Amino acid sequence: MISDIVNVILCLGNCVLLVNLRRMRLEKCWFCSSTVYPGHGIQFVRNDAKIFHFCRSKCHKNFKMKRNPRKVKWTKAYRRLHGKDMTQDSTFEFERKRNRPERYDRNLAENTLKAIKKIDKIRSDRASDHIKNRLKTGKVQRQKEARKQLELGIHLVKAPLALAQDSSLCLPKIKAMCPKHRQKRISPWKSEIGFAVPRLGIFVHQNLMHATRGLNYQEVFYVVSSGLEF
Amino acid sequence: MIQPQTHLNVADNSGARELVCIRIIGASNRRYAHICDIIVAVIKEIVLNTPLERSEVIIAIIVCTHKELKHDNGMIIRYDDNVAVVIDQEGNPKGTQIFGIVRRDPSIVIVFRFTMGKDTIANIKTSIRNADMNRKGTIQIGYLNKKSKLS
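These protein sequences, in sequence, are chains A and B.
For the first sequence, the positions run 968 to 1197 when the numbering used here is used.
For the second sequence, the positions run 39 to 189 when the numbering used here is used.
Next up, the structure:
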């Protein structure tokens, strides 16, 4: 709009100076609907005087390719059209384009800035809630499908013998050593020949057993590693 | 990026319809012209019953280009076609009306910066603004045609 331009003409004698003060306005990209900040993007003025703002060359190039933003999946236009994003909300009323310039009022400016922050937060919360609700039904659906797939394909995961024993869809339980107990109790492995403590890497032959009786594992280790012959 | 052999449309009622750029005024070997640059052009097509003739060499100022113009404030603007306005040696427009989207460009006032006189520029600005408000496609340059009213 021409009202955007304030041309200040300073007449100094014969010299005429023209100073162009442009009012800043955040536009919406025509293609993806993101905000175009000053200094970014390209504006295209068509012959019928319609102005297209683009936030970046991606949008600009898509426009030149004559793509319809309502069909291009990553644009806001598509998302709103297909119900992916929130379309109707009272917070959108605050963002409508106003063509009347407001006289600067410090309080008004301050309140507006505070309001912008708050409204933005409310709007983004509502938008994310909208998306969450939309995705809820999908989660339930996926659980159902997963269960069905498990029922059909249980033979891929669980051995038939195990299935015969335990017909539930859970995998057989494997008992593993709990890391907490390792420090407290190292259970030795006994055999006819002697006993071994695998974790410490000790094997005590039965001939040595009388020598190591009553000793703790550290001492046993010393006895064994010293290589004394008994 | 207007260069010799570029065809340009004309956005005023001077009588020319299409121009072909011959030369760019400025440095001797200047390659390209942008918005607000002055070119020497030859008239290829005219509107009947106007003072201008076909294959007449005139001077024009470029008002719209298809190539983007980068303003100092970071704004980049591109138009749909290449348009010029016919001017004379002093820099006064030969026509009395300017058509089309030219009126919306902020540089249009720069176009007429060399027409001296504070009131002249004010007249042009007022007529642009009025044209805009009335949504008319044309503006009238008041100082040239003293009889007509500012629209």
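Using N, Cα and C, we set each Cβ at its ideal position, and we do this for glycine too.
It should be emphasised that the depicted structure is a prediction, and the values quoted were computed from it without experimental measurement.
Counting every other CB atom within 10 Å of its CB across the protein chains shown gives Lys-108(B) a total below 16, marking it as exposed. Taking CB atoms only, Ile-136(B) has no neighbour in chain A less than 7 Å away. Contact with chain B is absent for Asn-1029(A), since none of that chain's Cβ atoms lies less than 7 Å from the residue's Cβ.
Residues of the same chain with a CB within less than 6 Å of the CB of Ile-114(B), apart from the 5 flanking positions on each side, are Glu-106 and Lys-108 in chain order. A distance below 7 Å separates the beta carbons of Ile-77(B) and Ile-62(B).
At a cut-off of 7 Å between C-beta atoms, Arg-55(B) does not count as an interface residue with respect to chain A. Here Leu-57(B) is near Ala-79(B), since their CB atoms are less than 7 Å apart.
A residue is called buried once 16 or more other Cβ atoms fall within 10 Å of its Cβ, and Gly-53(B) is buried on that count. Taking 7 Å as the cut-off, the beta carbon of Val-101(B) is found closer than this to the beta carbon of Ala-49(B). Listed in chain order, the positions of the segment 105-120 of chain B with a beta carbon within less than 8 Å of a beta carbon of chain A are Glu-106, Asn-111, Gly-112, Met-113, Ile-114, Ile-115, Arg-116, Tyr-117, Asp-118 and Asp-119.
Setting aside the 5 residues that flank it on each side, His-1007(A) is surrounded in the same chain by Cys-1022 and Arg-1023, each with a C-beta closer than 8 Å to its C-beta; the list follows chain order. DSSP, read as helix, strand or coil, puts Asp-1056(A) in coil. Between the alpha carbons of Ser-93(B) and Ile-81(B) lies a gap of roughly 5 Å. Put simply, the segment 1086-1093 of chain A does not touch the segment 1119-1126 of chain A. Fewer than three CB pairs are less than 8 Å apart. With respect to Asp-1056(A), Arg-1093(A) sits close: the two C-beta atoms are nearer than 7 Å.
Taking Lys-1025(A) as reference, the option from Asp-1015(A), Ile-1018(A), Pro-1036(A) and Lys-1142(A) with the minimal CA-CA separation is Pro-1036(A).
Taking every protein chain shown into account, the CB of Glu-1069(A) has fewer than 16 other CB atoms within 10 angstroms, so this residue is exposed.
Counting the other Cβ atoms within 10 Å of the Cβ of Val-85(B) gives fewer than 16, which makes it exposed. A direct Cα-to-Cα measurement between Met-991(A) and Pro-1005(A) gives close to 7 Å. Along the segment 993-1014 of chain A, going in chain order, the ones with a CB nearer than 8 Å to a CB of chain B are Pro-1005, Gly-1006, His-1007, Gly-1008, Ile-1009, Gln-1010, Phe-1011, Val-1012, Arg-1013 and Asn-1014.
Taking 7 Å as the cut-off, the Cβ atoms of His-1020(A) and Trp-997(A) count as close. Secondary structure of Pro-1036(A) (DSSP, three-state): helix.
By the Cβ neighbour-count rule, Asn-120(B) is buried, with 16 or more other Cβ atoms within 10 Å of its own. Straight-line measurement puts the Cα of His-1027(A) at about 24 Å from the Cα of Leu-46(B). Looking at the backbone, the Cα of Lys-1064(A) and that of Thr-1104(A) are separated by about 36 Å.
For Asn-47(B), the enclosing beta strand (DSSP E) starts and ends at 45-48.
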